[in-house]
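In full-length UniProt numbering, the protein residues as written are 1 to 234.
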């Protein structure tokens, strides 16, 4: 690559090769190549041609989203506080405990929140059924999933985005249920939990795609080494 460039004469190439071939075997080993590239005497020559080579081999960068060019782990932030899933979980626990202590014959809180197909005009029920759970196991599973997956997502994508995804899943669940099974009551935050789970899977796929791109870019370095070493052979 360097040998055929008009700006660098053959004797300069030979001089660099001789200076870098420490064991005088007529070849540049891996260690000798690294030392040659890092040598302050040749850095001004190598910097230019390595940059030209990389620009020639790598495709032009496309404009990506906010997190495409940075490591995903570096996006984790504790401020603003990820309190969206925590707040929803506290409200769900509060409603469940209040229902458990409601005496027989009294109207429970869940009766005003649960999705009842006979009361479709009460529009809040399309969302508030997420605060009603049938049994401790139902509540525990939903809490574990939405906290374990929701909080990490909030630390990257901000709490209000994750809450919007959660509420969208809850609303989609009630609307689908009203169409596919219009005679069944609906309770629980499973719709929101499925939405959070889907968002988490999408995030994993995004990270995996970025890692594949970075891994492919690393293949350029051995090729670069072979080309430069080949150009220095006498």
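Even for Gly, the Cβ is constructed at its ideal location relative to N, Cα and C.
Here the structure is a predicted model, which means the values were calculated and not measured.
With respect to the 8 angstroms criterion, residue 145 and residue 193 are classified as neighbours on the basis of their beta carbons. With a contact defined as Cβ atoms closer than 8 angstroms, residue 129 and residue 113 qualify at about 6 angstroms. In this model, residue 96 and residue 132 are separated by some 7 angstroms (Cα to Cα). Pairing residue 99 with residue 110 gives a Cβ-Cβ distance under 8 angstroms. Under the three-state reduction of DSSP output, residue 164 falls in the helix class. Distance check between residue 79 and each of 40, 13 and 152 places 152 closest, using alpha-carbon atoms only. Residue 203 has its alpha-carbon roughly 14 angstroms from the corresponding atom of residue 158. Around residue 85, the same chain offers 146, 147, 150 and 151 as residues with beta carbons nearer than 6 angstroms, after the five sequence neighbours per side are excluded. In the structure shown, the three-state DSSP call for residue 205 is helix.
Per DSSP, the continuous alpha helix (DSSP H) segment holding residue 31 begins and ends at 30-38.
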